[in-house]
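Chemist:
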Amino acid sequence: MKFHGGKFWFTAAELADLKLPGLPATKRKVNERAAKECWALQADSEGMPLARPRQARGGGLEYHLSVLPSATRTALVRRGIAIECQPAADSSPIGQSALWSWYEAQSDKVKAEAERRARIIGQIDLMIDTGVLPSNAVPAVAIGEKIGASTLWSWLSLVDGVAPSDRLPHLAPRRKGGGRTVEVDEELWSILVSDYLRPSRPTFASCYSRTEDIAAERGLSLPSEKTLKRRLEREIDGRLIVARRYGTDALKLTIPQQRRTVAHMHAMEWVNIDGHKFDVFVRRKGARPGDKPIRPVMVALQDVFSRKILAWRIGESESAVLTRLAFADLFRDYGIPGHCLLDNGRAFASKWITGGAPTRFRFKIKDDEPTGLLTALGVKTRWAKPFHGQAKPIERAFRVLADVVARAPDTEGAWTGNHVDAKPENYNEKALDWDVFVALVDRVITKHNAKRGRRTETANGRSYDEVFAASYAVSEIRKASQEQLRLALLAGEQVRTHRQSGEIALVGNRYWAPELSQIAGKPVTIRFDPDNLHSEIHVYSQSGEFLVTAALVADTGFDNIGAARARAKADRDIVKLARELEKQQELRDAAEIAALQPGAIEPDRPEPKIIRPVRAAHRNGAAAAVQQEPAPNFMNRFAASVSPLRLVD
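Each number in the numbering used here corresponds to the 1-based position in the sequence shown with 8 added.
1. In terms of residues, what are the limits of the beta strand (DSSP E) holding Pro61?
2. Are Val452 and Ile322 close, meaning C-beta to C-beta below 9 Å?
3. When the distance is taken between beta carbons, is Ala126 closer than 9 Å to Leu76?
4. Hey, out of Trp163, Trp197, Val412, Arg340, whose CA is closest to Arg494's CA?
5. Which residues in the same chain have their Cβ closer than 7 Å to the Cβ of Ser325, if we skip the five residues on either side of it in sequence?
6. Buried or exposed: which applies to Glu437, given that a residue is buried once 16 or more other Cβ atoms fall within 10 Å of its Cβ?
7. Indicate whether Lys35 and Ala51 have their beta-carbon atoms separated by less than 9 Å.
8. Leaving out the 5 sequence neighbours to the left and right, which residues in its chain are closer than 7 Å to Gln131 when beta-carbon positions are compared?
9. Whole alpha helix (DSSP H) runs in the region 429-490 with 4 or more residues, listed along the chain?
10. Pull the bridge partners of Gln310 from the DSSP assignment, please.
11. If you follow the alpha helix (DSSP H) that Arg178 is in, where does it begin and where does it stop?
12. Assign Ser115 to one of two classes, buried (16 or more other C-beta atoms within 10 Å of its C-beta) or exposed (fewer than that).
13. Can you tell which of Gly510, Ala48, Phe18 has its C-alpha closest to the C-alpha of Ala64?
14. What residues are listed by DSSP as bridge partners for Gln502?
15. State the beta-bridge partners of Tyr519 as determined by DSSP.
16. Less than 8 Å between C-beta atoms, sequence neighbours within five positions excluded: which residues of the same chain meet that for Ser509?
17. Assuming Leu205 and Arg253 form a contact by the criterion Cβ under 8 Å, report the distance between their Cβ atoms to the nearest whole angstrom.
18. Looking at C-alpha atoms only, which residue of Glu70, Asp612, Phe212, Phe476 is the closest neighbour of Ile249?
19. State buried or exposed for Ala630, treating a residue as buried only when at least 16 other CB atoms are found within 10 Å of its CB.
20. What are the residues that DSSP puts in a beta bridge with Thr19?
21. In angstroms, rounded to a whole number, what distance separates the CA positions of Ala224 and Ala43?
22. In the DSSP assignment, find the beta strand (DSSP E) that holds Thr424 and state where it starts and stops.
23. Between the Cα of Arg81 and the Cα atoms of Phe16, Leu58, Ala120, Gly67, which residue gives the shortest distance?
24. Just tell me which of Leu309, Gly386, Thr424 has its CA closest to the CA of Gly346.
25. What are the boundary residues of the alpha helix (DSSP H) that includes Thr159?
26. For Ser105 and Glu70, I'd like the C-alpha separation in whole angstroms.
27. Three or more C-beta pairs closer than 8 Å, one from the region 267-284 and one from the region 471-490: is that the case here?
28. Apart from the five residues on each side of it in sequence, which residues of its chain come closer than 6 Å, Cβ to Cβ, to Glu511?
29. Spatial neighbours of Asp375 within its chain, please: CB distance less than 7 Å, with the 5 preceding and 5 following residues excluded, ordered by chain position.
30. Note down, one range per segment and in chain order, each alpha helix (DSSP H) of at least 4 residues found wholly within the region 211-268.
31. Locate the beta strand (DSSP E) running through Arg390, then write down its first and last residues.
32. Using CA coordinates, which residue listed in Glu420, Leu440, Asp443, Phe536 is at the minimum distance from Glu433?
33. Is the beta carbon of Asn457 sitting closer than 9 Å to the one on Asp473?
34. Please name the residue in Arg620, Leu338, Asp441 whose C-alpha comes closest to that of Gln492.
35. By a C-beta neighbour count over all protein chains shown, 10 Å radius and 16 as the cutoff for buried, is Gly5 buried or exposed?
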């Protein structure tokens with residue numbers, strides 16, 4: 009085979025026949041070299057490909073002179089087969105920036121190998137710079153690094169004409185996974201994947217075993233377990249695996265958590281409220297010997313800006329009454345907040361607390377329901393996401409308080425454990441008195457607020473008390489009036505007054521005021537102290553207008569003369585009041601009203617046109633007159649009936 013100067017395109021067979029330096033001497037090895045160095049993918053500076061289909065029988069590819077190693081090109085020029093051309097090693101399909109992008113996406117192992125090769129190439133460059141010929145420098149470095157000289161020549165060809173600063177992407181290994189994708193029956197693959205992606209989270213080995221049994225029954229074969237496991241990891245999105253096997257909550261953890269800032273807020277702008285059930289046995293108030301102890305519940309309000317716990321109440325259960333009393337403490341001590349973040353619990357969605365709010369979840373709003381505490385005071389409510397403790401900052405405080413309170417020396421023997429299977433050895437040994445437990449909680453919360461060294465966004469080493477005080481002093485705070493405090497302290501309930509007297513019945517007690525007679529039978533809203541039902545109650549209209557304060561109507565003993573006299577006095581008073589009202593109205597008596605009536609008008613009597621004569625009924629003359637006996641007098645008959653009776657002494 010003879011070539012003449014000016015040839016630029018060569019096949020693998022032609023290069024092998026020429027026995028050129030820097031290239032193998034067989035066609036198969038040349039093709040392997042071309043595939044390894046991606047000759048078919050290279051392009052020149054104008055984007056033209058440096059490989060083209062061979063226009064002859066047998067097909068194949070022809071490669072441009074510029075993709076060949078420098079030693080090979082030099083030999084071709086010296087033999088007069090080719091003409092020297094500008095090297096194209098620094099060109100790539102999409103430029104140097106694309107090469108660097110590809111390089112950054114490679115593993116640390118690939119990058120380490122590229123750096124090792126660049127270091128060895130640097131040794132060769134250093135020897136050449138000192139005057140050593142490349143033919144001597146390459147073997148010398150190959151011996152020192154224990155690498156074949158042909159390998160070094162191939163590395164040199166990769167960076168021929170490339171700036172030293174851009175050598176790493178060119179020297180990085182470009183090994184590709186070998187072999188074709190294993191063939192698997194699509195139905196078997198679907199069965200395997202579906203079995204593995206179940207919430208019970210079976211192992212892949214057990215899923216493979218079950219799928220293998222199905223395949224054997226159908227006369228089909230399966231690749232190895234490791235092969236299919238690698239395919240599943242490669243083809244099935246990891247997010248789908250997490251969602252199917254671990255649930256949506258675990259899937260949400262695969263994205264960065266939301267971090268909310270409160271730096272733009274101030275004290276009392278936002279508060280959040282929640283309830284916590286303590287893991288401590290406590291005897292309820294007024295408990296008798298043998299009564300079962302309870303686990304008390306605390307409802308607490310926390311300032312969102314400073315994280316200070318502002319108000320709290322402890323009761324037997326989470327209720328609207330307990331919640332209302334906690335709000336009452338907040339209004340009395342600090343004022344009215346602008347916004348409140350509430351849990352989605354029934355105690356917080358109660359009509360006593362949020363009645364009238366158009367966005368409540370729990371109850372249908374009626375026209376005649378109580379207005380609600382927060383709505384009446386202008387507090388904007390927002391509901392936290394159900395089962396999402398991260399939405400309420402107070403949950404973190406509860407975790408700390410629960411541990412400190414439940415495991416304090418005072419509660420030793422009364423701790424219940426925080427899980428069903430985590431009961432202590434001294435479980436239910438004792439129960440705390442109610443007052444002792446309340447005092448313990450008060451002491452722990454006070455210390456919690458005063459502890460310095462807090463690392464929250466607004467604390468910066470200060471205590472919650474200090475953060476709150478500093479912001480509270482310079483913020484605009486709404487203070488509650490006496491009327492608003494009364495609304496907060498007392499729980500609201502809708503009742504209907506007695507249809508005759510106007511009295512109000514509540515929990516077996518009766519309340520009344522004279523003004524209630526004017527609204528007898530009408531629905532009203534009452535506010536009362538649930539801890540003192542023997543006190544007075546306050547009556548409001550459905551629209552929130554104050555009407556009257558009604559006192560308790562106490563039951564009296566059968567032989568209580570004082571109560572009878574008080575009742576008689578009340579009767580006289582009501583009669584006297586009615587007479588005074590009568591005088592104020594200047595009413596007219598019945599005779600005067602009758603005299604003012606117009607006189608009676610004699611009606612017209614029509615005359616009959618035809619008159620029929622009346623004849624006697626007896627033939628012997630006039631009928632005997634019927635003599636009517638006078639009716640016996642009632643008193644005479646009554647006296648005759650009782651005359652035989654006598655008085656018994």
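Just so it is clear, CB atoms sit at the ideal spot from N, CA and C, and this is done for glycine as well.
Modeler: Reading off the structure:
1. Here the question's residue 61 lines up with position 53 in the sequence shown. Run containing Pro61: 59-61, per the beta strand (DSSP E) assignment.
2. Numbered from 1 along the sequence shown, position 444 holds the residue referred to as residue 452. Numbered from 1 along the sequence shown, position 314 holds the residue referred to as residue 322. If you check the CB distance, Val452 and Ile322 do not come in under 9 Å.
3. Here residue 76 corresponds to residue number 68 of the sequence shown, with the count starting at 1. Here residue 126 corresponds to residue number 118 of the sequence shown, with the count starting at 1. The Cβ atoms of Leu76 and Ala126 do not sit closer than 9 Å to each other.
4. The residue given as residue 494 occupies position 486 in the sequence shown. The shortest C-alpha separation from Arg494 is found at Arg340.
5. For this step, residue 325 is matched to residue 317 along the sequence shown. In chain order, Val305 place their CB closer than 7 Å to the CB of Ser325, counting only its own chain and leaving out the 5 sequence neighbours on each side.
6. Taking the first residue of the sequence shown as 1, we reach residue 437 at position 429. A residue is called buried once 16 or more other Cβ atoms fall within 10 Å of its Cβ, and Glu437, having fewer, is exposed.
7. Here residue 35 is taken as the residue at index 27 of the sequence shown, counted from 1. Here residue 51 is taken as the residue at index 43 of the sequence shown, counted from 1. No, the Cβ-Cβ distance between Lys35 and Ala51 is not below 9 Å.
8. Numbered from its first residue, the sequence shown carries residue 131 at position 123. Cβ neighbours of Gln131 beyond the five flanking positions: Val149.
9. Runs of alpha helix (DSSP H) with 4 or more residues, each lying fully within the region 429-490, are found at 442-458, 472-482, listed in chain order.
10. In the sequence shown, the residue the question calls residue 310 occupies position 302. Asn280, Ile317.
11. Within the sequence shown, the letter at position 170 stands for residue 178. According to the sequence as given, residue 178 is His; it is not Arg. That run of the alpha helix (DSSP H) goes 175-179.
12. Within the sequence shown, residue 115 is the residue found at index 107, counting from 1. Under a 10 Å Cβ-count criterion, Ser115 is classified as exposed, with fewer than 16 other Cβ atoms of the shown protein chains found around its own Cβ.
13. Counting from one through the sequence shown, the residue named residue 64 turns up at place 56. It is Phe18.
14. Working through the sequence shown from its first residue, we reach residue 502 at position 494. Note: Gln502 sits in a beta bridge opposite Thr533.
15. Walking along the sequence shown from the start, residue 519 turns up at place 511. DSSP lists Ile512, Leu560 as partners of Tyr519.
16. Your numbering for residue 509 matches position 501 in the sequence shown. Contacts found: Trp520, Leu524, Ser525, Ala528.
17. On the sequence shown, residue 205 is found 197 positions in, with the first residue counted as 1. On the sequence shown, residue 253 is found 245 positions in, with the first residue counted as 1. Contact holds; Cβ gap of about 6 Å.
18. Locating residue 249 in the sequence shown gives position 241, where the first residue counts as 1. The shortest Cα separation from Ile249 among Glu70, Asp612, Phe212, Phe476 belongs to Phe212.
19. Sequence index remark: in the sequence shown, residue 630 carries index 622 (1-based). Residue placement at Ala630 is flagged as unreliable, the pLDDT there being 48, under the threshold of 50; a coordinate-derived value is accordingly withheld.
20. Translated into the one-based positions of the sequence shown, residue 19 becomes position 11. DSSP lists Glu70 as partners of Thr19.
21. Within the sequence shown, the letter at position 216 stands for residue 224. Within the sequence shown, the letter at position 35 stands for residue 43. Distance between the alpha carbons of Ala224 and Ala43: 40 Å.
22. On the sequence shown, residue 424 is found 416 positions in, with the first residue counted as 1. Per DSSP, Thr424 belongs to no beta strand (DSSP E) and is neither H nor E.
23. The residue given as residue 81 occupies position 73 in the sequence shown. Answer by Cα proximity: Phe16.
24. In the sequence shown, the residue the question calls residue 346 occupies position 338. Comparing Cα-Cα distances from Gly346 to each of Leu309, Gly386, Thr424, the minimum goes to Gly386.
25. For the purposes of this step, residue 159 is taken as the residue at position 151 of the sequence shown. Residues 157-166.
26. Locating residue 105 in the sequence shown gives position 97, where the first residue counts as 1. Locating residue 70 in the sequence shown gives position 62, where the first residue counts as 1. For the pair Ser105 and Glu70, the Cα-to-Cα distance works out to about 27 Å.
27. Segments in contact, yes.
28. Counting from 1 along the sequence shown, the entry for residue 511 is found at position 503. Once the five neighbours on either side are set aside, the close Cβ partners of Glu511 are Arg518, Trp520.
29. In the sequence shown, residue 375 corresponds to position 367, counting from 1. Any reading at Asp375 needs caution, since the residue's pLDDT is 39, under 50, leaving its predicted position unreliable; the model's value is listed next. Excluding residues up to 5 positions away in sequence, nothing lies with its Cβ nearer than 7 Å to the Cβ of Asp375 in the same chain.
30. Runs found: 212-225, 233-243, 246-254, 256-260.
31. The count along the sequence shown starts at 1 and reaches residue 390 at position 382. From DSSP, the beta strand (DSSP E) with Arg390 extends over 388-391.
32. If you number the sequence shown from 1, residue 433 lands on position 425. When only C-alpha atoms are compared, the closest one is Glu420.
33. Within the sequence shown, the letter at position 449 stands for residue 457. Within the sequence shown, the letter at position 465 stands for residue 473. In this structure, Asp473 lies closer than 9 Å to Asn457 by Cβ.
34. For the purposes of this step, residue 492 is taken as residue 484 along the sequence shown, with counting starting at 1. When each option's Cα is compared against that of Gln492, the closest is Leu338.
35. There is no way to answer for residue 5, as the model of the chain reaches only from 9 to 657.
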